[in-house]
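Asks:
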Amino acid sequence: MTDDQAFYYLKESVLAEGEEIQWTGRPAAGAAVAKGISNFLFGIFFFGFAVFWTVGASQGGLFALFGIPFMAVGAWMISAPVRTYIKANKSYYAVTNKRVIILTVGRSYTCVSIAPNEISDYERTDKPNGTGNTRLRKTIIHGRNGIQTSIDFTDGLWGVSDTKGAADAITALRT
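Using the working numbering, the letters of the sequence shown correspond one by one to residues 6 to 180.
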């Protein structure tokens, strides 16, 4: 799908009456690959250990089959940079006068809308070359005892080439 087709879909099927696009962008493919590097590095170790363990256990007959799911998980982790690259090439961002839209194109269109009151944790990170990330929402995960165990930034504009333009549009949206 081309950029023109995606933005045509956005204008015709997603935008509400009176809603106007203030800023558009796409994630940079290099930033997406960098996001998957940590999974890739751990995946190499995990996959290698799973193969080593499975080969060692293969002397025990059917017991070696228990290593196959671990090898599959390791292979999935190794493929993280490729998967994030593909997803970045299918993602489009827009900031309108009413919301932030994250559109992902695949077999179907997936549209995440973030209203101004849903922007819970706004944080902008710029790199010297002008690219960067704009974090919008986070999910706090609590353990069984109610203690916070982790924070996951679930929605944002990742790896955009015009972080300042996106930030200006989001600031205008929030005021």
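Even for Gly, the Cβ is constructed at its ideal location relative to N, Cα and C. These numbers come from a predicted model, not from an experiment.
Can you tell me which of 8, 120, 44 and 29 puts its alpha carbon nearest to the alpha carbon of residue 169?
Replies: Walking along the sequence shown from the start, residue 169 turns up at place 164. The option with the nearest alpha carbon to residue 169 is 29.
Asks: CB residue 84 to CB residue 32, shorter than 9 Å?
Replies: For the purposes of this step, residue 84 is taken as the residue at position 79 of the sequence shown. For the purposes of this step, residue 32 is taken as the residue at position 27 of the sequence shown. No, the Cβ-Cβ distance between residue 84 and residue 32 is not below 9 Å.
Asks: Taking the DSSP output, what are the residues bridged to residue 104?
Replies: For the purposes of this step, residue 104 is taken as residue 99 along the sequence shown, with counting starting at 1. Per DSSP, none; premise fails for residue 104.
Asks: Quick one: any contact between the segment 12-30 and the segment 171-180, if contact means 3 or more CB pairs under 8 Å?
Replies: Judged by Cβ distances under 8 Å, the segment 12-30 makes contact with the segment 171-180, as three or more pairs qualify.
Asks: Could you pull the start and end residues of the beta strand (DSSP E) that residue 73 belongs to?
Replies: Stepping through the sequence shown from its first residue, residue 73 is reached at position 68. That residue, residue 73, is in no beta strand (DSSP E); its alpha helix (DSSP H) goes 73-83.
Asks: With DSSP as the reference, please indicate the residues paired to residue 32 in a beta bridge.
Replies: Position 27 of the sequence shown holds residue 32. Paired residue(s): 165.
Asks: Sorted by chain position, which residues of the same chain lie with C-beta nearer than 7 Å to residue 119's C-beta, five sequence neighbours on each side aside?
Replies: As a working note, residue 119 is residue 114 in the sequence shown. 104, 105, 141, 142 and 160.
Asks: Out of 136, 80, 68 and 43, point me to the one whose CA is closest to residue 54's CA.
Replies: Counting from 1 along the sequence shown, the entry for residue 54 is found at position 49. Taking only the C-alpha atoms, the option nearest residue 54 is 80.
Asks: DSSP three-state label for residue 99, please.
Replies: Within the sequence shown, residue 99 is the residue found at index 94, counting from 1. Reduced to three states, the DSSP call for residue 99 is strand.
Asks: Does the Cβ of residue 150 have 16 or more other Cβ atoms within 10 Å, making it buried, or fewer, making it exposed?
Replies: The residue labelled residue 150 in the question sits at position 145 within the sequence shown. It counts as exposed.
Asks: I think residue 117 touches residue 107, with their Cβ atoms under 8 Å apart; what is that distance to the nearest whole Å?
Replies: Here residue 117 is taken as the residue at index 112 of the sequence shown, counted from 1. Here residue 107 is taken as the residue at index 102 of the sequence shown, counted from 1. Confirmed, about 4 Å.
Asks: Count the other CB atoms within 10 Å of the CB of residue 40; is the residue buried (16 or more) or exposed (fewer)?
Replies: Your numbering for residue 40 matches position 35 in the sequence shown. Under this definition residue 40 is a buried residue.
Asks: With a CB to CB cut of under 7 Å and the five nearest residues on each side skipped, what residues in its chain are close to residue 36?
Replies: On the sequence shown, residue 36 is found 31 positions in, with the first residue counted as 1. Same-chain partners within the cutoff: 136, 163 and 164.
Asks: How about residue 59 and residue 49: are their beta carbons less than 9 Å apart?
Replies: The residue given as residue 59 occupies position 54 in the sequence shown. The residue given as residue 49 occupies position 44 in the sequence shown. No. Outside cutoff.
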